[in-house]
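Each residue of the sequence shown is one higher than the one before, starting from -18 at the first, in our numbering.
Data block below; observations after.
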Amino acid sequence: MSKSMEDWFKEQDFNTTELPSGHRNRFLERLQAAQEDEKVISIDRDGQAEGHADARKNPWFKWSLVAGLALLMGLAGFNLGSSNDTDLASVSPEMANAQDFFSSTIAEELKQLESESSPETERLIADTKVQLLELENDYQQLKLDLDNSGNSRKVIAAMIQNFQNRIALLEAALEHIESLKQLKLNTDATIL
């Protein structure tokens, strides 16, 4: 971030509320539960892999996931088409720079997340994208609130927090994928 933008953020008096107690822990527990749902394969005495039927192999699961994502994307497209042009960029040049920074960071993190796609990470990536879509829908509502409130500092702070939450969500998912990779490497190493 440029020095002038950092100074501008320091000068602002954002009256923000804290996330509920334990928010991060609940999120990490959800990721852990998703990981445990995917961990169903074991090795028998002969070194052969044996496992239970995985929900991802069920064609209904895949089709319902595709249909759900298509529906959510359609709703997001409808929301984007009906929204107005009031966003952080309309507040000030500094906010336009901040919005560009956050947007490009989110795009890079999302591209990295998609590059990690594999059968083991498919569900985690899909869940992360659904949560990102929910945050995007929240942001669209904040844009309306910004327009109605006359550039309220609270709404601006909430919009910035929304961007930060999206980045944190993507980073947590990437960390979880990295831990899955390490777990798989360790498991493969002990089998050999």
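We put the CB at the ideal spot given by N, CA and C, even for glycine.
Being a predicted model, the structure only gives us computed values, none of them experimental.
Legend entry - Touching by the beta-carbon criterion (3+ pairs, under 8 Å), the stretch 95 to 103 and the stretch 80 to 87: no
Legend entry - C-beta contact flag for GLN112 and LEU164 at 7 Å: In the sequence shown, the residue the question calls residue 112 occupies position 131. In the sequence shown, the residue the question calls residue 164 occupies position 183. No, Cβ-Cβ distance for GLN112 and LEU164 is not below 7 Å.
Inset, instruction - Quick one: residues in its chain with C-beta nearer than 8 Å to the C-beta of LEU94, no 5 flanking neighbours on either side, listed in chain order? - result: Position 113 of the sequence shown, counted from the first residue, corresponds to residue 94. Excluding positions up to five away in sequence, the list reads ILE106, THR109, LEU151, ALA154, LEU155, ILE158.
Inset, instruction - Within the same chain, show all residues whose beta-carbon is closer than 8 Å to that of LEU12, passing over the 5 residues directly before and after it, in chain order. - result: Position 31 of the sequence shown holds residue 12. Correct list, in chain order: LEU105, ALA153, ALA154, HIS157.
Inset, instruction - Output yes or no for whether 7 Å exceeds the beta carbon distance between ASP81 and LYS124. - result: Here residue 81 refers to the residue found at position 100 of the sequence shown. Here residue 124 refers to the residue found at position 143 of the sequence shown. No; because the gap between Cβ atoms is not below 7 Å, this pair is not in contact.
Legend entry - Secondary structure of ASP68, DSSP reduced to three states: Here the question's residue 68 lines up with position 87 in the sequence shown. Here ASP68 sits in coil by DSSP.
Inset, instruction - Answer with buried or exposed for LEU9, where buried requires no fewer than 16 other C-beta atoms within 10 angstroms of its C-beta. - result: To locate residue 9, count along the sequence shown from 1; it is residue 28. The residue is exposed, with fewer than 16 neighbouring Cβ atoms inside 10 Å.
Inset, instruction - May I ask you to report which of helix, strand or coil DSSP gives THR171? - result: Position 190 of the sequence shown holds residue 171. Here THR171 sits in helix by DSSP.
Legend entry - Status (buried if at least 16 other CB within 10 Å, exposed otherwise) for LEU161: Numbered from 1 along the sequence shown, position 180 holds the residue referred to as residue 161. Buried, since its Cβ has 16 or more Cβ neighbours within 10 Å.
Legend entry - Cβ-based neighbour list, ASP126, same chain, cut-off 7 Å, excluding 5 preceding and 5 following: What you label residue 126 is simply residue 145 of the sequence shown in a count that begins at 1. So the list reads VAL136, once near-sequence residues are dropped.
Inset, instruction - Just mark MET54 as buried or exposed, buried being the case when its beta carbon has 16 or more other beta carbons within 10 Å. - result: Start at 1 with the first residue of the sequence shown, and residue 54 comes out as number 73. With fewer than 16 Cβ atoms within 10 Å of its Cβ, MET54 is classed as exposed.
Legend entry - Alpha carbon of ALA70 to alpha carbon of SER2, nearest angstrom: Looking up residue 70 in the sequence shown gives position 89. Looking up residue 2 in the sequence shown gives position 21. The straight-line gap from Cα to Cα measures roughly 31 Å.
Legend entry - Minimum length 3: unbroken beta strand (DSSP E) runs contained in the stretch 68 to 144: Restricted to the stretch 68 to 144, not a single beta strand (DSSP E) segment is unbroken, complete and at least 3 residues in length.
Inset, instruction - Determine the closest residue to MET240 out of ASP(-12), THR171, LEU166, with distance taken between C-alpha atoms. - result: Coverage of the chain is limited to positions -18 through 173, which leaves residue 240 absent and any answer about it impossible.
Inset, instruction - Tell me whether GLY3 sits in a helix, a strand or coil according to DSSP, three-state version. - result: Taking the sequence shown and counting its residues from 1, the one referred to as residue 3 is at position 22. The answer is coil: DSSP assigns GLY3 none of H, G, I, E or B.
Inset, instruction - Note down, in chain order, each residue of its chain lying with its Cβ closer than 6 Å to the Cβ of GLN142, except the 5 sequence neighbours on either side. - result: Here residue 142 refers to the residue found at position 161 of the sequence shown. Once the five neighbours on either side are set aside, GLN142 has no close Cβ partner at all.
Inset, instruction - Look at the alpha carbon of LEU116 and the alpha carbon of ASN146, and state the distance between them as a whole number of angstroms. - result: As a first step, residue 116 is located in the sequence shown; it is residue number 135 there, counting from the start. As a first step, residue 146 is located in the sequence shown; it is residue number 165 there, counting from the start. The alpha-carbon atoms of LEU116 and ASN146 are separated by roughly 8 Å.
Inset, instruction - Would you mind working out which of ASN6, PHE144, VAL72 sits nearest ASN183, comparing C-alpha positions? - result: Residue coverage of the chain in this structure runs from -18 to 173, which leaves residue 183 outside it and unanswerable.
Inset, instruction - Alpha carbon to alpha carbon, how far is ASN78 from ASN129? Give it in angstroms, no decimals. - result: Within the sequence shown, the letter at position 148 stands for residue 129. Within the sequence shown, the letter at position 97 stands for residue 78. Looking at the two C-alpha atoms, the distance is approximately 23 Å.
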